[in-house]
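First the structure, in the form of structure tokens, and then the observations on it.
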Amino acid sequence: MIAVIRHRIDENRSASMSTDTELTAKLEQLAPGTVRGRAIDRLAMSHEASHYLITPLGVVTVEDRHHVSRLMRFVAENGVPLSFRSGGTSLSGQASTDGLLLDTRKNFRKIDVLDDGARVRVQPGATVRQVNTRLARYGRKLGPDPASESACTLGGVIANNSSGMACGTELNTYNTIESAVLVLADGTAIETSGPDADDRLRMAAPELWAGLVELRDEARADPQIVAAIRRQYAIKNTMGYGVNSFLDHDSPTEILLHLIVGSEGTLAFVAEATLRTVPVCPHVATGMLYFRSLADATGALPALVASGLATVELLDSTSLRVAQRDPGADEQLLTLDVDGHAALLVEFQEENSVALAERLIAWEAVTAALPLAGPAALTEDAVRRNALWHIRKDLYATVAGNRPSGTTALLEDIAVPVRALRETCEGLTELFDRYGYEDSVIFGHAKDGNIHFMLTERFDLPNAKKRYAEFTEEMVALVLRHGGTLKAEHGTGRIMAPYVRRQFGDEIYGLMLRVKQLADPRGLLNPGVLMNEDAEAPLKNLKVTPTVEAEVDRCVECGYCEPVCPSKDVTITPRQRIVLRRERERARLAGDAELVEALDRDYAYDGVDTCAADGMCRTACPVRIDTGKLVKRLRAEQSNTVVSSGWNVAAQHWGAITRAGSIAMTTARALPAPLVTGATSVGRVLLGADNVPRYDRGLPRGGSRRRPHARPDAVAVYVPSCIGAMFGPAESSLGVRDAFLSLCARAGVTVTIPAGVESMCCGTPWTSKGNLLGHKVMSERVLAALRDATRGGELPVISDGVSCTEGFLNMAADTGLTVIDAVTFAERELLPGLVISSEFESIAVHPTCSSTRLGVTDPMLALARAISDDVVVPDDWGCCGFAGDRGMLHPELTAAATRPEAAALADRTFSAYASANRTCELGMTRATGKPYRHILELLDDATRAPRASGPADEREGQ
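Under the numbering used here, the letters of the sequence shown match residues 6 to 963, in that order.
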């Protein structure tokens, strides 16, 4: 199953890591097609957000909880260690293993909203953001509010007992979980809800049931243990097992459920969980309070916390200096002469405007006595508030993105009683200075005494481990001396597992050991995590980051990019594309030519061919990496000379190429489908699947030729997309070009179509393939024509395909030309002059990757809402993966990318389906079987003369 990876010998890996076809065969019998044992699979999954790097024995994509049960029984019978991975955003090493790694991301994303949002039932692969999006329409959200909410999944939130900026200890996972479906270490499934839950647990797992009762009674019988547990959990605390369960709950089932919270996959698998939700407080006021010293800032905490603030976030002086480098820093921060200063980002969150007004009235009195170094203004303005939060949330990105190449970023968290916060922060700062960790920042949730600190280390240097070990030892002593916990939110993981006994003492640690023995007697669930007697364990398997290339070197492997990636369910993700480049370089440096060859062979399809290069990863990346640009460069390096030459020629004769493509599409529609699909299938075999598109009957006829139309009184230059010339509109539709021109005429706005338009293109087909010469040829011709048509940039250029708009923007950068998408232009300039004559009963809208990046989604929705009172963007929308011709070259990419959105739309029929790009419309039509059209086509329909039919009778074929 697994090729031996000779260049890396993990310090806890044995000879059994070699290829084992028998093991593969047995695992495949449990669920065929779920085992991933190639080197590329194992190395891609060896990387997660922590600073540990351990290669799994193999990866299994879990199908459902029954599959988990079979796997649990299998590993128990064969003595194979097992760990779980979903989002891979954990920071303490708890999602890594040298055993089997079960990938629970793909098939565990179900979300059921219950009781009008008061509760929600979730599977472990759903992200916090996905769950909160479902809950938003009910005015509810999850209690835990981790900063990684866009990428962290509920499996990790439960496994780590996540909290966040506002929830404190009252609304964390431990205190909001209601029930769960658990799969125990022997494969037994347990449902913890219902009045007979205890009886079911006693019958299914009698030893576990009895052992929990015994531990509960022992803990409660010892006043010293009770007092120690209460003290430990008076603050945020995710060290060890949550033994406060023995005091907080009576029934063994409830005790087990709450022990599972924060157990980091070492006791059982959570296949499903039901959580209580909390109200969303929509009335918010935010401000940044600056102080001359850390002592002044921490001294202000009692008064600020008493004022009812929902969040109080600390930024130390180094944080402020680092934040001043951020392009998003505001004027107040930029003009601050930081000299020992500190800041508190504060926010009121209230359910209604009256409550917020009362808070604001009292605010002046609250702050009057504080030793502030600036005004204490609060703002309700969303733009200003977002700017303030940008300062706080982008600290990690600013430090990590500017770290030296080859270094590893380490983000840690601790908590102490609030009264000890100042001394703890000062102690940490002194340690940073003494050990030479420059630009190490301290920030965090001051209201809870919970702070994070970040440092960077280069573990390939001779004394790096020694320095890091000595720093850690002094940090541990500092935190425990102040009555704190070594982990407050991020989980114990591998990094703090040997320190659990030191924090809790022998007796409570003994309780934890017995919990592990009861639930996982063979010790096969995530060994080495949460509890570990090996004092050297935190220094093993540390991540060493080789220098590779700019995009790769800046990556911190956080995984924020993964939920938005269209290829995540078919091959690999942006994070994995990057880490595999690191692994290839590591293998090259080690002289492992066999591994380099294997990675190159598999990366060609997994990493390059199936990347949509849509740039969505950049929108989610905290250090703003566009992995698509890396892939485009790799495509250029790997390009076939003949194919590349063909694209160079195409750039010179684009008008003829688009006409030929249009004729081919129309001809194909007229021929028997098997004849055309058979021909393209043969071509794909002979010339390569990445060179010959696959034809299917769902593709439209060819489009009509673009022709110039000069208007001296024009207010804009309109460049119809070549996509529309090659691919015709939906059946019974005139297409976006005619729609846009009709709308302009109706609104009294004159546009001109430039000479030479039939040979123009935005250049995206060449950049997506990494063909720089062809792009240069096209750019020179297009820019010359547009400079002339716009009178040297006096008129804006309008593009009717949002991905084309993005291409023109990139092409026209620094030329003085203004490029506007037709949707934005229509919303600003045309809609005010139009009369809505008939509305659509309902419209389903598909935003695109380009509309997201360019800010065109809001104008698109504004147009949709102008012509319908019922406009829906599916909660699960995402990039369709069609990506120009990628959806024809690799239709499996589009199928995987659109599957969640198509499923979300399956239960309802809309009057119309809209997007803003022809290829995206084709991708969504293929996925849903519904006719997607450009939003401007719908606007054109709605502003024409009244029709006899009603809104519900919209033409299904449009």
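Backbone N, C-alpha and C define an ideal beta-carbon position, used for all residues, glycine too. Just so it is clear, the structure is predicted and the values come from calculations on it, not from any experiment.
From A81, I230, A36, L314, residue whose alpha carbon lies closest to that of G173: Counted from its first residue, the sequence shown places residue 173 at position 168. Answer by Cα proximity: L314.
Check whether the Cβ atoms of A347 and F296 sit closer than 8 Å, and answer yes or no. Your numbering for residue 347 matches position 342 in the sequence shown. Your numbering for residue 296 matches position 291 in the sequence shown. In contact: A347 and F296 (Cβ atoms closer than 8 Å).
Report yes or no: do the stretch 384-396 and the stretch 616-631 share at least 3 C-beta pairs separated by less than 8 Å? no
What does G449 pair with, by DSSP beta-bridge criteria? Counting from 1 along the sequence shown, the entry for residue 449 is found at position 444. Answer by DSSP bridge pairing, in chain order: L319, I456.
Beta-carbon separation of I803 and L868 under 8 Å? Your numbering for residue 803 matches position 798 in the sequence shown. Your numbering for residue 868 matches position 863 in the sequence shown. No; because the gap between Cβ atoms is not below 8 Å, this pair is not in contact.
CA-CA distance, P228 and S268? Position 223 of the sequence shown, counted from the first residue, corresponds to residue 228. Position 263 of the sequence shown, counted from the first residue, corresponds to residue 268. As the crow flies, the alpha-carbon of P228 is around 25 Å from that of S268.
Pairwise C-alpha distance: P879 and T282: To locate residue 282, count along the sequence shown from 1; it is residue 277. To locate residue 879, count along the sequence shown from 1; it is residue 874. So the alpha carbons of these two residues sit roughly 22 Å apart.
Sort T914, P905, C925, L910 by Cα distance to K115 and report the nearest one. As a working mapping, residue 115 is identified with position 110 in the sequence shown. That would be P905, whose Cα lies nearest to the Cα of K115.
Report the three-state DSSP secondary structure of Q581 (helix, strand or coil). On the sequence shown, position 576 is the one that residue 581 refers to. Reduced to three states, the DSSP call for Q581 is helix.
Mapping DSSP to helix, strand and coil, what is L943? Numbered from 1 along the sequence shown, position 938 holds the residue referred to as residue 943. Note: L943 maps to helix in three-state DSSP.
Nearest-angstrom beta carbon gap, V285 and R145 [assumed within contact, 8 Å]: Counting from one through the sequence shown, the residue named residue 145 turns up at place 140. Counting from one through the sequence shown, the residue named residue 285 turns up at place 280. About 6 Å; that satisfies the 8 Å criterion.
Under the rule that 16 or more other beta-carbon atoms within 10 Å means buried, what is V636, buried or exposed? Position 631 of the sequence shown, counted from the start, is the residue given in the question as residue 636. That one is buried.
With the cut-off set at 8 Å, would you say P61 and G92 are in Cβ contact? In the sequence shown, counting from the first residue as 1, residue 61 sits at position 56. In the sequence shown, counting from the first residue as 1, residue 92 sits at position 87. At a Cβ-Cβ threshold of 8 Å, P61 and G92 do not count as neighbours.
Of the choices T94, K111, Q99, whose alpha-carbon is the least far from that of K573? Position 568 of the sequence shown, counting from 1, holds the residue named residue 573. That would be K111, whose Cα lies nearest to the Cα of K573.
Just to confirm my understanding: we take S324, look at its own chain, exclude 5 residues before and 5 after, and list those with CB closer than 6 Å. What are they? Taking the sequence shown and counting its residues from 1, the one referred to as residue 324 is at position 319. Cβ contact annotation for S324 (same chain, cutoff 6 Å, sequence separation greater than five): L400, V446, F448, in chain order.
Q237 versus A493: straight-line alpha-carbon distance, rounded: Residue numbering aside, residue 237 sits at position 232 when the sequence shown is read from its first letter. Residue numbering aside, residue 493 sits at position 488 when the sequence shown is read from its first letter. Straight-line Cα distance between these residues: approximately 11 Å.
In angstroms, rounded to a whole number, what distance separates the CA positions of D117 and F464? For this step, residue 117 is matched to residue 112 along the sequence shown. For this step, residue 464 is matched to residue 459 along the sequence shown. Roughly 44 Å separates the two Cα atoms.
Who pairs with S88 in a beta bridge, going by DSSP? Working through the sequence shown from its first residue, we reach residue 88 at position 83. Per DSSP, L106.
I'd like the span of the alpha helix (DSSP H) that includes L898, first residue to last. Mapped onto the sequence shown, residue 898 falls at position 893. Taken as a continuous stretch (DSSP letters only), the alpha helix (DSSP H) holding L898 covers 896-910.
Is Y57 helix, strand or coil by DSSP? Position 52 of the sequence shown holds residue 57. It is a strand residue.
Which of the three DSSP states, helix, strand or coil, is assigned to P879? Locating residue 879 in the sequence shown gives position 874, where the first residue counts as 1. P879: coil per DSSP, three-state reduction.
Nearest by alpha-carbon distance to S644: which of G779, E799, R427, Y179 is it? For the purposes of this step, residue 644 is taken as the residue at position 639 of the sequence shown. Per the Cα distances, G779.
What does Y937 pair with, by DSSP beta-bridge criteria? In the sequence shown, the residue the question calls residue 937 occupies position 932. According to DSSP, Y937 bridges with Y918.
Taking 8 Å as the cut-off, decide whether the C-beta atoms of I182 and L272 are in contact. Translated into the one-based positions of the sequence shown, residue 182 becomes position 177. Translated into the one-based positions of the sequence shown, residue 272 becomes position 267. By the CB criterion at 8 Å, I182 and L272 fall outside the cutoff.
Bounding residues of the beta strand (DSSP E) (the contiguous stretch that carries L383): Numbered from its first residue, the sequence shown carries residue 383 at position 378. That residue, L383, is in no beta strand (DSSP E); it is neither H nor E in DSSP.
Going along the chain, which residues of its own chain have a beta-carbon closer than 7 Å to the beta-carbon of T550, five neighbours each way excluded? On the sequence shown, position 545 is the one that residue 550 refers to. So the list reads G411, T412, T413, R587, once near-sequence residues are dropped.
With the cut-off set at 8 Å, would you say L415 and H52 are in Cβ contact? As a working mapping, residue 415 is identified with position 410 in the sequence shown. As a working mapping, residue 52 is identified with position 47 in the sequence shown. The answer is no: Cβ separation not under 8 Å.
Measure the Cβ-Cβ separation of E196 and A202 and say whether it is below 8 Å. Residue 196 sits at position 191 when you count from the first residue of the sequence shown. Residue 202 sits at position 197 when you count from the first residue of the sequence shown. Contact: yes.
T477 (DSSP reduced to helix, strand or coil): Along the sequence shown, read from residue 1 onward, the residue named residue 477 stands at position 472. Looking at T477 - three-state DSSP - the assignment turns out to be helix.
When DSSP labels each residue in this structure, what does A493 get in the three-state scheme? Here residue 493 refers to the residue found at position 488 when the sequence shown is read from its first residue. A493: coil per DSSP, three-state reduction.
Residue nearest to V85 in terms of C-alpha spacing, selected from H72, L96, T102, G98: As a working mapping, residue 85 is identified with position 80 in the sequence shown. It is T102 whose Cα lies nearest to the Cα of V85.
Buried or exposed: which applies to P568, given that a residue is buried once 16 or more other Cβ atoms fall within 10 Å of its Cβ? Residue 568 sits at position 563 when you count from the first residue of the sequence shown. Buried: at least 16 other Cβ atoms inside 10 Å.
To the nearest angstrom, how far is it from the Cα of L365 to the Cα of R389? Looking up residue 365 in the sequence shown gives position 360. Looking up residue 389 in the sequence shown gives position 384. Roughly 17 Å between the two C-alpha positions.
Can you tell me which of the three DSSP states M244 falls into? As a working note, residue 244 is residue 239 in the sequence shown. It is coil, neither helix nor strand.
Around the Cβ of T672, are there at least 16 other Cβ atoms within 10 angstroms (buried) or fewer (exposed)? For the purposes of this step, residue 672 is taken as the residue at position 667 of the sequence shown. Classification of T672: exposed, given that the 10 Å Cβ count is below 16.
What do you reckon, are the CB atoms on L594 and V613 nearer than 8 Å? Position 589 of the sequence shown, counting from 1, holds the residue named residue 594. Position 608 of the sequence shown, counting from 1, holds the residue named residue 613. With respect to V613, L594 sits apart: the two C-beta atoms are not nearer than 8 Å.
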